[in-house]
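Quick note on our numbering: the sequence shown kicks off at 367 and runs consecutively.
Heads up, the beta-carbon is just placed ideally off N, CA and C, and yes, glycines get one too.
Have a look at the structure below, then the notes.
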Amino acid sequence: MKAIVIGAGIGGLSAAVALKQSGIDCDVYEAVKEIKPVGAAISVWPNGVKCMAHLGMGDIMETFGGPLRRMAYRDFRSGENMTQFSLAPLIERTGSRPCPVSRAELQREMLDYWGRDSVQFGKRVTRCEEDADGVTVWFTDGSHSALRPWVLGFTPQRRYAGYVNWNGLVEIDEALAPGDQWTTFVGEGKRVSLMPVSAGRFYFFFDVPLPAGLAEDRDTLRADLSRYFAGWAPPVQKLIAALDPQTTNRIEIHDIEPFSRLVRGRVALLGDAGHSTTPDIGQGGCAAMERESLTRQAGYAGILARLADVVAALIVRGWVACGCGNATGWVQVLRDPRLAKAIYAMHQRPGVNWKVEDLAREAGLSRSLFAERFLAATGTTPARYLTELRMRLAVQYITHEGQALEKVAFSLGYQSLAAFSRAFKRITGQPPGALRATAR
């Protein structure tokens with residue numbers, strides 16, 4: 367068995383390490399000839415730190431993680447604390463400290479851990495093919511994923527989040543902020559933030575609401591930031607004066623509307639390819655680490671033929687092993703053997719017109735208790751879940767298998783093509799005939 371990882375970013379390298387440690391032969395391909403991390407630093411919270419330790423890379427976090435002990439939000443004009451709190455309760459509860467780390471250092475150390483010479487750089491994916499004897503392809507080829515449309519059956523559009531981010535590194539200076547505190551100045555719909563990383567440095571960023579597509583001019587960066595942040599507190603002005611325009615990154619922030627389908631056959635979307643988010647919640651990298659660290663868990667080999675089942679089961683086991691708190695959402699579903707039985711029944715026989723009482727019987731629960739637990743765990747109803755499952759399958763049957771629409775409709779439990787078409791358009795936003803036309 368061989369796995370192929372497309373993308374040597376944080377998620378891709380985490381996946382490669384996990385697969386290798388599980389005894390699976392793995393090749394890593396990267397489109398660019400040289401890795402140049404986007405953004406100067408990343409906040410790795412205890413869930414990500416634990417996953418890195420789980421993969422044998424805990425020393426990287428301890429060595430290169432900054433001394434983050436507190437957080438504070440400050441008024442943009444006065445510079446006074448609006449709130450300040452210690453991270454000690456978080457550290458005590460999770461048993462791990464957060465580790466803000468330079469992206470360049472994290473990327474370098476992960477590449478070295480995997481083996482830089484083992485990554486095939488300059489290899490860009492152009493298409494994906496699969497047959498009955500095909501290899502399993504794991505890919506995390508980023509928010510510009512070339513394989514995402516192949517898995518989904520359509521090309522999701524990246525969404526501009528409405529703001530531009532400038533970020534970089536400066537030396538820690540107590541006149542800017544305490545060296546063990548993540549400090550954020552907020553006001554006027556903008557923010558300025560300083561987060562300690564290793565080697566006596568702050569990671570900084572400025573966020574400004576601006577139209578997309580404006581030209582970048584490093585020669586005017588200080589003047590531009592001074593204009594955007596005129597009247598802000600003295601530490602903000604001092605930071606603008608201290609930064610190096612030539613090493614400051616400028617990023618127009620985008621994300622992608624979440625989608626439920628992450629797997630097609632032997633191909634799985636992971637990392638930014640599967641969940642490209644804005645950096646606002648500080649969990650993009652941690653989410654990739656979590657997903658990719660799961661592969662080391664015991665008991666996965668017997669179900670590798672069903673890649674969707676593998677991904678789901680490994681997510682559960684990774685959360686349990688990493689001790690990342692109470693499971694919620696799909697983790698809760700899969701940890702609940704009764705709900706899992708009902709989910710499995712729908713996936714095995716999507717053409718059955720499952721009623722709540724039928725699924726409750728599969729789960730061994732009363733109708734009311736099953737409906738309540740299903741909604742609490744998934745955020746949707748059994749009927750809605752079944753419809754969305756059917757439409758995901760329909761996309762695959764239409765675009766990749768070329769099945770006739772009538773056959774698709776009846777195989778998924780619809781008594782007429784019209785009823786199927788209405789449901790398909792309601793869920794996907796387009797009639798099945800239009801999808802079929804684009805797939806030809």
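In this structure, isoleucine 408 lies near valine 467, with their beta-carbon atoms less than 9 Å apart. Of the candidates Glu446, Leu477, Arg493, Gly424, the residue whose Cα lies closest to the Cα of proline 464 is Gly424. With respect to the 9 Å criterion, proline 575 and lysine 556 are classified as neighbours on the basis of their beta carbons.
Excluding sequence positions up to five before and after arginine 704, its CB lies within less than 7 Å of the CB of Ala729, Gly730, Leu731, all in the same chain and listed in chain order. Sequence-distant Cβ neighbours of alanine 374 in its own chain, meaning closer than 6 Å and more than five residues away, are Val394, Glu396, Val485. Judged by DSSP in its simplified three-state form, threonine 429 adopts helix. Assigned with DSSP and collapsed to three states, histidine 766 falls in coil, not helix or strand. Closest in alpha carbon position to arginine 514, among Ala634, Thr746, Gln387, Ala382, is Ala634.
Between serine 559 and aspartate 539, the C-beta gap is not smaller than 9 Å, which leaves the two residues out of contact. With a threshold of 16 other beta carbon atoms within 10 Å, arginine 792 falls short and is exposed. Judged by DSSP secondary structure, asparagine 413 falls within the alpha helix (DSSP H) whose first and last residues are 412-420. In the DSSP annotation of this structure, the continuous segment of the beta strand (DSSP E) that includes arginine 436 starts and ends at 436-441.
Beta-carbon to beta-carbon, asparagine 531 and alanine 406 are separated by about 10 Å, too far to satisfy the 8 Å threshold. When DSSP reads this structure, methionine 448 sits in no beta bridge, so it has no partner.
Per the coordinates, the alpha-carbon of proline 601 lies some 28 Å from the alpha-carbon of alanine 578. Rounded to whole angstroms, the separation of the alpha carbons of alanine 438 and leucine 456 is 15 Å. Scanning Asp585, Gly799, Asp441 for the CA closest to the CA of leucine 783 turns up Gly799.
Under the DSSP definition of a beta bridge, cysteine 465 partners with Val410. Cβ-Cβ separation between leucine 477 and leucine 453: approximately 29 Å, too far for a contact (criterion under 8 Å).
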